[in-house]
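With the working numbering applied, the sequence shown corresponds to residues 6 to 232, in that order.
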Amino acid sequence: VTGLLAASFARAGYKVGILDADITGPSIPKMFGVRERATAGEHGLYPVKSKTLGIPIMSINLLLEREEDPVIWRGPIIAGVVKQFWGDVVWGELDYLFVDLPPGTGDAPLTVMQSLPLDGIVVVSSPQDLAVMVVKKAVKMAAMLGIPILGLVENMSYAVCPHCQEKLELFGRSQGGAVADALQIPLLASLPIDPALAALCDEGRIEEYELKETGLVEAVRARIKQK
């Protein structure tokens, strides 16, 4: 969802960047087909720009020798790296910096919420009860830290039959609306399972995918303006 939002905002003419704060399981470089190493200079660490839309990206995978190398660090080191990605990276002039977080309430989300001047958080869920439970923890954590919740996105909400166009709820009945109501936050969008998107992510071409008929980009922009 972070990659889709960043690409959609960039396509709309905004200057955006992506800070990949998922230190132990980074996926942003793979989605965008970015394999170059980030470089350091006189003014700090320089992010790598995506090829299609020129989105500056900083991720731990852009500092590793091989993208498959594991990052086996304890919490304080992870927190320090996240802070460096915010403070020591030469981001340039941006309208929006998107921060990709791992699920849960661990060191990376805690560091981001405590150390970065966030306008708000988009919470991502899926129809399964287990995912909903984790999302509720994250929302409560954000509330405790005084971070605005922009809204909820339910990912993998349904699949569309290619023959009859019927919506198939493969992971159970959608809970997005009910969860959003229970948490008193807006439901921004329910995103379908799209094999075309999965293929583009695997090929590093997520920038070529256009969000259609979800209203997600407009909803996020409207919520940011409200804050």
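Every residue, glycine too, gets a C-beta built ideally from N, C-alpha and C.
Model, not experiment: these values are computed from the prediction.
1. How should V165 be labelled, buried or exposed, when 16 other C-beta atoms within 10 angstroms of its C-beta is the threshold for buried?
2. Would the beta-carbon of I28 fall within 9 Å of that of V94?
3. Does the Cβ of S120 have 16 or more other Cβ atoms within 10 Å, making it buried, or fewer, making it exposed?
4. Buried or exposed, going by whether 16 or more other CB atoms sit within 10 Å of the CB of L99?
5. If I measure Cβ to Cβ from E213 and keep anything under 8 Å in the same chain, skipping five residues before and after, which residues do I get?
6. Among the candidates K230, G151, L216 and L67, whose CA atom is the shortest distance from the CA of A15?
7. Buried or exposed, going by whether 16 or more other CB atoms sit within 10 Å of the CB of A187?
8. I need the straight-line Cα distance from V128 to R71, nearest angstrom please.
9. Pull the bridge partners of T44 from the DSSP assignment, please.
10. Please report the straight-line C-alpha distance between T110 and P167, rounded to a whole angstrom.
11. Report buried or exposed for Q189, applying the criterion of at least 16 other Cβ atoms within 10 angstroms of its Cβ.
With the given structure in hand:
1. exposed
2. In this structure, the beta-carbon distance from I28 to V94 does not fall below 9 Å.
3. exposed
4. exposed
5. T57 and L205
6. L216
7. exposed
8. 30 Å
9. Y51
10. 38 Å
11. exposed
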